[in-house]
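Sequences listed follow chains A and B, in order.
The numbers in my numbering rise by one with no breaks, and the one at position 170 of the first sequence is 1093.
The numbers in my numbering rise by one with no breaks, and the one at position 275 of the second sequence is 277.
Worksheet: one structure, shown below.
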Amino acid sequence: MPIAEKDLVWVQEPKLKWSDHLYLPAIAAGLQTTIKHIFMPKVTVQFPEERPKLPPNYRGVHRLNRDEQGRVKCVACYMCATACPAHCIDIVAAPSPWPDREKYPETFVIDELRCIYCGMCEEACPVDAIELTSLFDLTGLSREEMMFDKEKLLSVFDRTVAAATDPIRTSRGPLGTASELPKEG
Amino acid sequence: MADWYRAHTPVVWAIITIIIMMGVLQGVCAYLILLERKLCAFMQDRIGPNRVGPKGLLQPIADGIKFLFKEDIVPGHVDKILYFAAPAIAVGTATLAFVVVPFGPTRMPPAPPQPPAATATAEQKAEYAQAQQTYAREVRAYESRYQFVIAPRIDIGLIFVFAIASLAVYGVILAGWASNNKYSFIGSLRSSAQLVSYEIPMGMSVLGVFLLTGSLNLERIIGEQVQTGWWLIFLQPVGFLLFMIAAFAECNRLPFDLPEAEQELVGGYHTEYSAMKFALFFLGEYTHMVTTSFLLTVLFLGGWHFWYITSIDLGPIAGTIVKIIIIWLKMTGFIVFFMLIRWTLPRFRFDQLMGLAWKVLIPLAFANLIATMVVLQLIENYHANPAWRWILLPIGLIMFIALAIPAVWRPSGRRGGTPRVTGTPAPPLASVP
Chain A
924 MPIAEKDLVW VQEPKLKWSD HLYLPAIAAG LQTTIKHIFM PKVTVQFPEE RPKLPPNYRG
984 VHRLNRDEQG RVKCVACYMC ATACPAHCID IVAAPSPWPD REKYPETFVI DELRCIYCGM
1044 CEEACPVDAI ELTSLFDLTG LSREEMMFDK EKLLSVFDRT VAAATDPIRT SRGPLGTASE
1104 LPKEG
Chain B
3 MADWYRAHTP VVWAIITIII MMGVLQGVCA YLILLERKLC AFMQDRIGPN RVGPKGLLQP
63 IADGIKFLFK EDIVPGHVDK ILYFAAPAIA VGTATLAFVV VPFGPTRMPP APPQPPAATA
123 TAEQKAEYAQ AQQTYAREVR AYESRYQFVI APRIDIGLIF VFAIASLAVY GVILAGWASN
183 NKYSFIGSLR SSAQLVSYEI PMGMSVLGVF LLTGSLNLER IIGEQVQTGW WLIFLQPVGF
243 LLFMIAAFAE CNRLPFDLPE AEQELVGGYH TEYSAMKFAL FFLGEYTHMV TTSFLLTVLF
303 LGGWHFWYIT SIDLGPIAGT IVKIIIIWLK MTGFIVFFML IRWTLPRFRF DQLMGLAWKV
363 LIPLAFANLI ATMVVLQLIE NYHANPAWRW ILLPIGLIMF IALAIPAVWR PSGRRGGTPR
423 VTGTPAPPLA SVP
């Protein structure tokens, strides 16, 4: 569609005054700005002595949450594994030993090196079982070491809750709607 | 042995000074690189290197070790002899230009007597012979004291510096040519055009200094400023500005940085150089900066002189140390100014750069020279009436403002530069069905 003439704005270069042509006042103004910045506080964070201030929804290492009785919250519904763009979650479901849920994950392995830390699994989980913490300085000595299994993910939970760095973000009550038993009748 | 020393004292002192100043200069250049990194970091709201040593003070040593141990790659397609000669020339000429520059307290060198005209009387000829003997005695007395110059009493000091700095252009040209790489070649051509163009304003801007002091001997120039107490920056403000701008260009320093423009030419003429040879180019550039900063303080800021402080008699050692501190502080001030400008201003485009040299700086230098000559002519017997020399300062400022405007005016229209958008709109756009 052609642009209407009335919508066109013709822009002219600003005309320079004679003092602008000398460039020296502009240079002095520029020097004023940079010299001012020499004395302003610096934004550098001296890692590893200082830790950076992370925003509350920072996406770091995953953890599997426990409920109040200390059992793993995950019901092995495969929502996170389906949502993951990098296909890094591997779950094997099993009948749950507890009466209030049908399934529980027998094994739950996340390959932390494949993960792109997008947070889709956290958004997909209906029972708030998987969350991304603010741990970012993750190291390992081998690729096998970086495939976190269920025990490791639960241990991340224990450590972060104990250190109070990542409070539990569950908002839906004890287990969420997906874990309720089907209505009778 | 002692006799030989007494007969050749200046030579021995010169050799010792060379040895010490070579080390000092290169150490200063290495630490200037650290100063530059810290200063640019502070201007960009960050801290520079601070991990190696306290506050990063051992960083230049780490850099030096890195340059020494880095693999020295010589590409197969380069011209071997010129490839090795180029950084040597760059660094050699930069260091050689430092030879006549004073870096500490100096004394006014004795002036040779005027030879009599051919029609002089016998009395005048006897006077001249007497004056020659006095001169020889003064020279011996002068040479028996240590001077803080590697080569003292060189009467063409300033021309020597400019001549050697011109030779530095060879280093740049050869580097680009020998690299056998078209981007390096473009960089070196631009650099040589820039260096050659800016040598002219650099030489012409100090003609005012030459007229006022009557000598090119750098120690005598300092001596004149000490005697009259008037630093030449007050008497030649335009000359100072022109010399400083030309010095920026001679050191290939932003805003005249196009030959090394990393964004455009990869590395310019030193793309193909690795490790030590690259370090030599860097060292050459920083040595140029140090030399021109010293020249700026010696020519325009009175060198080691400071109005009240240096006239107090503190004794030989303390007085010398105070003067050394003063001149080095002034020099460091200029270097910090070089760095501030580098990290503040955007780069000149090449045609703007050449236009500035030929169309702005050279006319201004001419005007400065003519103004100085006129004032000196009007104030008769200038050296006997020093009180009138203050008039040069407002004349210089007025002349600069009055002459700079037409010199830099870019009239609107195609002749002045890039075409501007005019008020008439384009023909109506064709409608798309």
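Note that beta-carbon positions come from the ideal geometry of N, C-alpha and C, so glycine has one too.
None of these values were measured; they are calculated from a predicted model.
- In the same chain as Leu98(B), and ignoring 5 residues on each side of it, the C-beta atoms closer than 7 Å to its own belong to Ile166, in chain order.
- In the three-state reduction of the DSSP assignment, Ile75(B) falls in the coil class.
- Among the residues of chain B, those whose CB is under 8 Å from the CB of Val966(A) are Asp47 and Arg48, following chain order.
- Per DSSP, reduced to three states, the secondary structure at Lys1026(A) is strand.
- If you ignore the 5 residues before and after Phe242(B), its C-beta comes within less than 6 Å of the C-beta of Ile235 and Phe302, all in its own chain and listed in chain order.
- Taking 8 Å as the cut-off, the Cβ atoms of Ala88(B) and Ala177(B) count as close.
- Ile75(B) places its beta carbon 8 Å or farther from that of Ser313(B).
- Linking Lys929(A) to Ala251(B) through their CA atoms gives a straight-line distance of about 48 Å.
- Pro257(B) sits in coil when the DSSP states are folded into three classes, being neither helix nor strand.
- The three-state reading of DSSP puts Pro971(A) in coil, since its state is none of H, G, I, E or B.
- Pairing Leu260(B) with Ala4(B), the inter-Cα distance amounts to about 55 Å.
- DSSP, reduced to helix, strand and coil, places Met1070(A) within a strand of the structure shown.
- With a threshold of 16 other beta carbon atoms within 10 Å, His1010(A) falls short and is exposed.
- The continuous alpha helix (DSSP H) containing Asp353(B) extends over residues Phe352 to Gly357.
- Closest in alpha carbon position to Tyr1027(A), among Asp1051(A), Pro1008(A) and Cys1000(A), is Cys1000(A).
- If you draw a 10 Å sphere on the C-beta of Ile311(B), you find fewer than 16 other C-beta atoms in it, and that means exposed.
- Nearest CB-CB separation between Trp345(B) and chain A: below the 8 Å threshold.
- DSSP lists Asp1013(A) as the beta-bridge partner residues of Val1032(A).
- Among the residues facing chain A, Phe44(B) is included, as its CB has a counterpart in that chain under 8 Å away.
- The stretch 107-118 of chain B makes no contact with the stretch 25-40 of chain B: fewer than 3 CB pairs, one atom from each, lie closer than 8 Å.
- Secondary structure note for Arg222(B): its alpha helix (DSSP H) is the uninterrupted segment Leu220 to Thr230.
- Ser190(B) sits away from Thr273(B), with the two beta carbons spaced by 8 Å or more.
- In the same chain as Gly286(B), and ignoring 5 residues on each side of it, the C-beta atoms closer than 6 Å to its own belong to Ala92, Val93 and Ala96, in chain order.
- Counting C-beta pairs closer than 8 Å gives three or more between the stretch 958-977 of chain A and the stretch 43-54 of chain B, which meets the contact rule.
- For Leu355(B), there are no C-beta contacts with chain A under 8 Å, since the nearest C-beta of that chain is about 13 Å from it.
- Within the stretch 944-956 of chain A, His944, Leu945, Ile950, Gly953 and Leu954 place their CB atoms closer than 7 Å to a CB of chain B, listed in sequence order.
- Contacts between Leu342(B) and chain A, judged by CB atoms closer than 8 Å, involve Leu954, Thr957 and Ile958 in chain order.
- Measuring C-alpha to C-alpha distances from Pro111(B) to each of Ala143(B), Ala281(B), Glu125(B) and Tyr85(B) identifies Ala143(B) as the nearest.
- If you draw a straight line from the Cα of Arg344(B) to the Cα of Ile950(A), it comes to about 11 Å.
- The stretch 932-939 of chain A makes no contact with the stretch 5-25 of chain B: fewer than 3 CB pairs, one atom from each, lie closer than 8 Å.
- Per DSSP, Leu342(B) lies in no beta strand (DSSP E); the unbroken alpha helix (DSSP H) holding it starts and ends at Pro318 to Arg344.
- For the pair Glu1068(A) and His985(A), the CB atoms are not nearer than the 8 Å cut-off.
- Note on geometry: alpha-carbon atoms of Leu1036(A) and Ser1065(A) lie some 11 Å from one another.
- Cβ-Cβ distances below 8 Å link Tyr148(B) to Trp15 in the same chain, with the five nearest sequence neighbours on each side left out; the list follows chain order.
- The C-beta of Ile961(A) comes closer than 8 Å to at least one C-beta of chain B.
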